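**Student:** Can you keep this structure in mind? I'll have questions shortly.
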Amino acid sequence: MKNQNIMNEIEIYQSQENNIELQVNFNNDTLWLSQYQLAALFDTDRTSIIKHIENIYAINELDEDATCAKIAQVRKEGKREVKRDVLHYNLDAIISVGYRVNSVRGSQFRQWETQLFNRNNNLVA
Numbered sequence: 006m007k008n009q010n011i012m013n014e015i016e017i018y019q020s021q022e023n024n025i026e027l028q029v030n031f032n033n034d035t036l037w038l039s040q041y042q043l044a045a046l047f048d049t050d051r052t053s054i055i056k057h058i059e060n061i062y063a064i065n066e067l068d069e070d071a072t073c074a075k076i077a078q079v080r081k082e083g084k085r086e087v088k089r090d091v092l093h094y095n096l097d098a099i100i101s102v103g104y105r106v107n108s109v110r111g112s113q114f115r116q117w118e119t120q121l122f123n124r125n126n127n128l129v130a
């Protein structure tokens with residue numbers, strides 16, 4: 006796991022149903038999401054996300070040092086601003102979690118990922 010204290014480009018993602026909005030960190034040619042953002046994206050709880058991530062690393066599906074980073078974030082806590090390092094996961098980890106999550110949004114993600122793969126590999130007419 007690495008620390009990333011450099012400026013990040015931030016994009017806003019909004020679902021088709023317009024019921025979630027995520028600020029997405031782009032850095033090193035990939036995007037990064039926190040555990041809370043993953044839970045919102047896949048419409049599940051954070052403990053499920055943590056369980057899936059732990060399993061991904063336990064079976065060496067992904068290298069934790071390459072796919073997980075602490076990214077500094079400034080948050081308001083009461084009346085003061087506090088800088089905290091928050092764990093974020095890159096696109097490889099996001100995709101791996103997406104194929105494990107058992108939710109409607111997880112299913113929508115898998116369908117979207119399959120369509121994108123097929124289109125990019127000319128597998129669909």
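For the sequence shown, our numbering assigns the number 130 to the last residue and increments by one with no breaks. Even glycine gets a Cβ: it sits at the ideal position worked out from N, Cα and C. In this text, all values refer to a predicted model and were calculated from it rather than measured experimentally.
1. Distance check for residue 117 and residue 57, CA to CA, integer angstroms please.
2. Considering residue 81, what are the terminal residues of the beta strand (DSSP E) in which it resides?
3. Return the CA-CA distance between residue 80 and residue 31, expressed in angstroms with no decimal places.
4. Exposed or buried, which one is residue 64 when buried takes at least 16 other CB atoms within 10 Å?
5. Smallest Cα separation from residue 54: which of 120, 105, 35, 84?
6. DSSP puts residue 112 in a beta bridge; with which residues?
7. In three-state DSSP terms, what is residue 104?
8. Alpha carbon to alpha carbon, what distance is there between residue 36 and residue 120?
9. Got a sec, what are the start and stop residues for the alpha helix (DSSP H) residue 66 sits in?
**Tutor:** The answer reads as follows:
1. Taking the first residue of the sequence shown as position 1, residue 57 is located at position 52. Taking the first residue of the sequence shown as position 1, residue 117 is located at position 112. Residue 57 and residue 117: Cα-Cα distance of roughly 20 Å.
2. Numbered from 1 along the sequence shown, position 76 holds the residue referred to as residue 81. Where residue 81 is concerned, the enclosing beta strand (DSSP E) stretches over 73–82.
3. Here residue 80 corresponds to residue number 75 of the sequence shown, with the count starting at 1. Here residue 31 corresponds to residue number 26 of the sequence shown, with the count starting at 1. Their Cα atoms are separated by approximately 19 Å.
4. Along the sequence shown, one-based indexing puts residue 64 at 59. Burial call: exposed.
5. The count along the sequence shown starts at 1 and reaches residue 54 at position 49. Taking only the C-alpha atoms, the option nearest residue 54 is 105.
6. Here residue 112 refers to the residue found at position 107 of the sequence shown. According to DSSP, which records beta bridges pairwise, residue 112 is partnered with nothing at all.
7. Residue numbering aside, residue 104 sits at position 99 when the sequence shown is read from its first letter. Three-state result, residue 104: coil.
8. Working through the sequence shown from its first residue, we reach residue 120 at position 115. Working through the sequence shown from its first residue, we reach residue 36 at position 31. Answer to the nearest angstrom: the Cα atoms are 20 Å apart.
9. By one-based count along the sequence shown, residue 66 stands at place 61. That residue, residue 66, is in no alpha helix (DSSP H); it is neither H nor E in DSSP.
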